[in-house]
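Start counting at 1 in the sequence shown, then tack on 24, and there's your number in the numbering used here. To keep things clear, I will list the structure first and then write my remarks on it.
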Amino acid sequence: RTDDVVTKKMVYLYLINYAQQNQELAILAINTFLMDLKQTNHKIRGLALRSLCSLKFEGVVEYMQNALQESLNDVDPYVKKTAIIGCVKFFHLGKSHFKKTEFLNMLYALIKDRDPLVVINAIEALNEILADKGGIDIDKALIIPLLNRIKDFNEWGQSIILDICSKYNPDDQQEKFDIMNLLEDRFKHASSSVVLGTIKVFLHLTKDDYNLYTQVL
């Protein structure tokens, strides 16, 4: 019942290793994780969820689903990020079970989250889950809000957003110019990844307009 995070990590590691070898211990491990998901300490909630999602044996899917459902709505960004990664594990553990959940819609909703890392993790999770369909659905409702707050993201996050934008086709010329105006200052970013990502977007947006394409070059 300790609240010490380091001790919790050691206990969780022990439970994960032995639960997979001993099915009788598995239920005890699950009960421990579920109880700690109710803790006020967000680090303990996140660790408990991560540990629960690390269990790989028959019967754990149901417990994971309920835990992830609650944790995706957690108030703390760390717990939400852990839940997002848990959704990917849940998907690979049982794709048929995943299709019966609302996780896909919940992940799309988290793209509007206030925390930039939650947003990027949600995008990456969707790209992996929807890999067979070409990744996340890209439309104006997704692109424009992300570009309007691109400065809030770190180098990794900006590069991911730019990669998505390089696959988007604007509805008209005005929208094309709006996107380029939003991204023009990214050419001055200290990160070469962000600069190259911006170049890729500009070349994509102007590929059908020779004069504009030449100006970009």
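For each residue, glycine too, the CB sits at the ideal point set by N, CA and C.
**Prompt:** Quick one: what does DSSP say D112 is sitting in, helix, strand or coil?
**Reply:** Stepping through the sequence shown from its first residue, residue 112 is reached at position 88. Asp is not the amino acid found at residue 112; the sequence shown has Val there. Three-state result, V112: helix.
**Request:** For V143, collect the residues of the same chain with a Cβ closer than 8 Å to its Cβ; drop the 5 residues on either side in sequence, then sort them by chain order.
**Result:** For the purposes of this step, residue 143 is taken as residue 119 along the sequence shown, with counting starting at 1. Cβ within range, chain order: L134, I135, K136, D137, L170, F177, G181.
**Request:** Leaving out five residues on either side along the sequence, give the residues of the same chain with a beta carbon under 6 Å from the beta carbon of V103.
**Result:** Indexing the sequence shown from 1 puts residue 103 at position 79. Contacts found: H66, R69, G70, S95.
**Asked** Does S183 come within less than 7 Å of chain C when only Cβ atoms are used?
**Response** No chain C appears in this structure, which consists of one protein chain only.
**Message:** In the DSSP assignment, the alpha helix (DSSP H) including Y38 goes from what residue to what residue?
**Reply:** Residue numbering aside, residue 38 sits at position 14 when the sequence shown is read from its first letter. Element bounds for Y38: 29-43.
**Item:** CB contact flag (A149, I108, <7 Å)
**Value:** In the sequence shown, counting from the first residue as 1, residue 149 sits at position 125. In the sequence shown, counting from the first residue as 1, residue 108 sits at position 84. Yes, the pair counts as a contact, with Cβ atoms nearer than the cut-off.
**Asked** Taking the C-alpha atoms as reference points, what is the distance between K105 and D233?
**Response** Stepping through the sequence shown from its first residue, residue 105 is reached at position 81. Stepping through the sequence shown from its first residue, residue 233 is reached at position 209. Answer to the nearest angstrom: the Cα atoms are 41 Å apart.
**Request:** Return the chain-ordered list of same chain residues with a C-beta closer than 7 Å to the C-beta of L131, the five sequence neighbours on each side being excluded.
**Result:** As a first step, residue 131 is located in the sequence shown; it is residue number 107 there, counting from the start. Apart from the 5 residues on each side of it in sequence, L131 sits with its Cβ closer than 7 Å to the Cβ of I108, C111, A146, A149, L150 in its chain, given in chain order.
**Item:** When I185, S215, A214 are compared against L206, the one with the closest alpha-carbon
**Value:** Along the sequence shown, one-based indexing puts residue 206 at 182. Looking at the Cα atoms, I185 is the closest of the given residues.
**Prompt:** Using the rule of at least 16 other Cβ atoms within 10 Å of the residue's Cβ for burial, across every protein chain shown, is K32 buried or exposed?
**Reply:** The residue given as residue 32 occupies position 8 in the sequence shown. Answer is buried; the Cβ neighbour count reaches 16.
**Request:** Alpha carbon to alpha carbon, how far is K113 from T125? Give it in angstroms, no decimals.
**Result:** Position 101 of the sequence shown, counting from 1, holds the residue named residue 125. Position 89 of the sequence shown, counting from 1, holds the residue named residue 113. Roughly 14 Å between the two C-alpha positions.
**Item:** Simplified DSSP assignment, three categories, for A72
**Value:** Looking up residue 72 in the sequence shown gives position 48. Of the three classes helix, strand and coil, the one that applies to A72 here is helix, per DSSP.
**Request:** Look up N151 in the DSSP assignment and say whether it is helix, strand or coil.
**Result:** Taking the sequence shown and counting its residues from 1, one reaches residue 151 at position 127. In the structure shown, N151 sits in a helix (DSSP, three-state: H, G or I).
**Request:** Flag L227 as yes when its Cβ comes closer than 6 Å to any non-hydrogen atom of the ligand FMN, and as no otherwise.
**Result:** Ligands are entirely absent from the displayed structure, and the ligand FMN is therefore not among its contents.
**Message:** Judging by CA-CA distance, which residue of L92, K175, K80 is the nearest neighbour of Q45?
**Reply:** Reading the sequence shown from its first residue, position 21 is the one you call residue 45. Q45 has its Cα closest to that of K80, out of L92, K175, K80.
**Prompt:** Which stretch, first to last residue, makes up the alpha helix (DSSP H) that contains F201?
**Reply:** What you label residue 201 is simply residue 177 of the sequence shown in a count that begins at 1. Taken as a continuous stretch (DSSP letters only), the alpha helix (DSSP H) holding F201 covers 197-207.
**Whether I188 touches I162 by CB criterion (7 Å)** = In the sequence shown, counting from the first residue as 1, residue 188 sits at position 164. In the sequence shown, counting from the first residue as 1, residue 162 sits at position 138. Going by C-beta atoms, I188 is nearer than 7 Å to I162.
**Asked** Taking the alpha helix (DSSP H) that N46 falls in, what are its first and last residues?
**Response** Position 22 of the sequence shown holds residue 46. Where N46 is concerned, there is no enclosing alpha helix (DSSP H), given that its DSSP letter is neither H nor E.
**Asked** Q63: which of Y38, N41, V85, V99 sits nearest, CA to CA?
**Response** Within the sequence shown, numbered from 1, the residue matching residue 63 stands at position 39. Checking every option, the nearest Cα to that of Q63 belongs to V99.
**Message:** Rounded to whole angstroms, what is the Cα-Cα separation between F122 and L141?
**Reply:** Locating residue 122 in the sequence shown gives position 98, where the first residue counts as 1. Locating residue 141 in the sequence shown gives position 117, where the first residue counts as 1. The straight-line gap from Cα to Cα measures roughly 23 Å.
**Prompt:** Quick one, are the C-beta atoms of V240 and S183 less than 7 Å apart?
**Reply:** Walking along the sequence shown from the start, residue 240 turns up at place 216. Walking along the sequence shown from the start, residue 183 turns up at place 159. Their beta carbons are not under 7 Å apart, which means V240 does not touch S183 by this criterion.
**Request:** Verify whether the separation of the beta carbon atoms of Y38 and S75 is less than 7 Å.
**Result:** For the purposes of this step, residue 38 is taken as the residue at position 14 of the sequence shown. For the purposes of this step, residue 75 is taken as the residue at position 51 of the sequence shown. By the CB criterion at 7 Å, Y38 and S75 fall outside the cutoff.
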